[in-house]
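Peer 1:
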Ligand code: CP
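Numbering (this note's numbering), first residue to last: 27 to 332.
(1) To the nearest angstrom, report how far apart residue 282 and residue 303 are at their CA atoms.
(2) Assuming the contact rule is C-beta atoms closer than 8 Å, residue 78 and residue 156 should be a hit. Round their C-beta distance to whole Å, please.
(3) Please give the ranges of any alpha helix (DSSP H) in the stretch 229 to 270, keeping only runs that are unbroken, at least 4 residues long and fully inside the region.
(4) Starting from residue 151, trace the beta strand (DSSP E) both ways and give me its first and last residue.
(5) In chain order, which beta strand (DSSP E) runs of at least 3 residues are fully inside the stretch 104 to 179?
(6) Does DSSP classify residue 99 as helix, strand or coil?
(7) Between residue 292 and the ligand CP, is the CB less than 6 Å from at least one heavy atom?
(8) How is the alpha helix (DSSP H) around residue 209 delimited, first residue to last?
(9) Using CA coordinates, which residue listed in 324, 214 and 248 is at the minimum distance from residue 174?
(10) Below 8 Å, can you find three or more Cβ-Cβ pairs linking the stretch 104 to 124 to the stretch 157 to 169?
(11) Can we count residue 78 as close to the ligand CP, meaning its CB is less than 6 Å from some heavy atom?
(12) Grouping DSSP H, G and I as helix and E and B as strand, with all else coil, what is residue 183?
Spelled out as C-alpha cells, the structure:
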C-alpha cells in the first residue's frame, strides 16, 4: 500500500491511509530523541530548488532518527544545473545515488515529472503554487492530535488561498473528512482557484467565502492562517496593494471561541502578531514540531513498508 509509493498529491491518499500515517506518527512521537534502525543503510536525497527551513530540516532529522542518511542540495548554483544540466538528467543521476527523493521546485508538476523519471519513490515537498502534501499530513495530524478528530469541525482558512500550496493541499486533504463548515477567508484577489472550488463542489462540500475574519471567527474551531507570498505574485504592484490586509492580534481574538486553535504552516511575516504566541490559541510551533514524527512515519512507510 505504501512501500515505494510516490507522494505527489494529497488527493492520492484515502482517509484510511491518512489515519494509518497518523497512527504511525503517534508511535514515532514516543521515540523522538532516539536513533532507530528502521532505515539503516538507506539514503534520502533532498533536492530543494526553493528556500526551506521546516521541510528540509525536518526531513533530514526524520531520516537521521530512523537510522538513515541524507544527501542534500539547497543551492542550485552549487550543482551542475548551473552548468546547464537538465532537471531530468539530475533526477536520473540522483536516483542512482539514493533510495528515495524529496523534491521542492517552483515549477508546478516538477515532482510528478521527477516521479515519472525516477525508479525510487519521489516525495513532493512543494511544487510551485500547486501542492504541499506532506505539510497537509502535518496539518491534519495536528488537528487530530489536538482536537481528537478531524470530522465535525468548523475549519477556517485565512490568507492567500489562490497561490498558497499549503492551503490548497489542506483543502484537498479536508475533503477526505466530514467537515461541518468550511470558511474560506481572503482578500477578493486571493480567493481559491476555480479548480479547487470545483473539487469542493464535486465533493458536495458547502463553503463560505468572506474577506472579514471577525464576522465568522466566533464559529471557527480551527483557524489555518497563511502569509501573502510576495514570491508568487506575477505583478509586484498587486502584492503591494494586498500585503498587510489581515492580521491576527489580541484584539481580533476577543471574537474567538474558547477552544479555538490557530495553525500556520510558517514562515509568518506579519499576519500573526507575536503577542498571539503566548495565548492558548497558538498551536503553530507545536504543529511545526509534528513535522518530525509525521515525516518519520511517511519515510518508514514509503521506504520500509508497513
Ligand atoms: N511550511 C513549510 O513548508 O516551511 P518551509 O518553507 O520553511 O519548508
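Each residue gets a CB set at the ideal place from its N, CA and C atoms; glycine is no exception.
Peer 2: Based on what the coordinates show:
(1) 15 Å
(2) Not quite, the Cβ-Cβ distance comes to about 16 Å (not below 8 Å), so this is no contact.
(3) 239 to 242 and 262 to 268
(4) 148 to 153
(5) 126 to 131 and 148 to 153
(6) strand
(7) yes
(8) Careful: residue 209 lies outside any alpha helix (DSSP H), inside the beta strand (DSSP E) at 207 to 211.
(9) 248
(10) no
(11) yes
(12) strand
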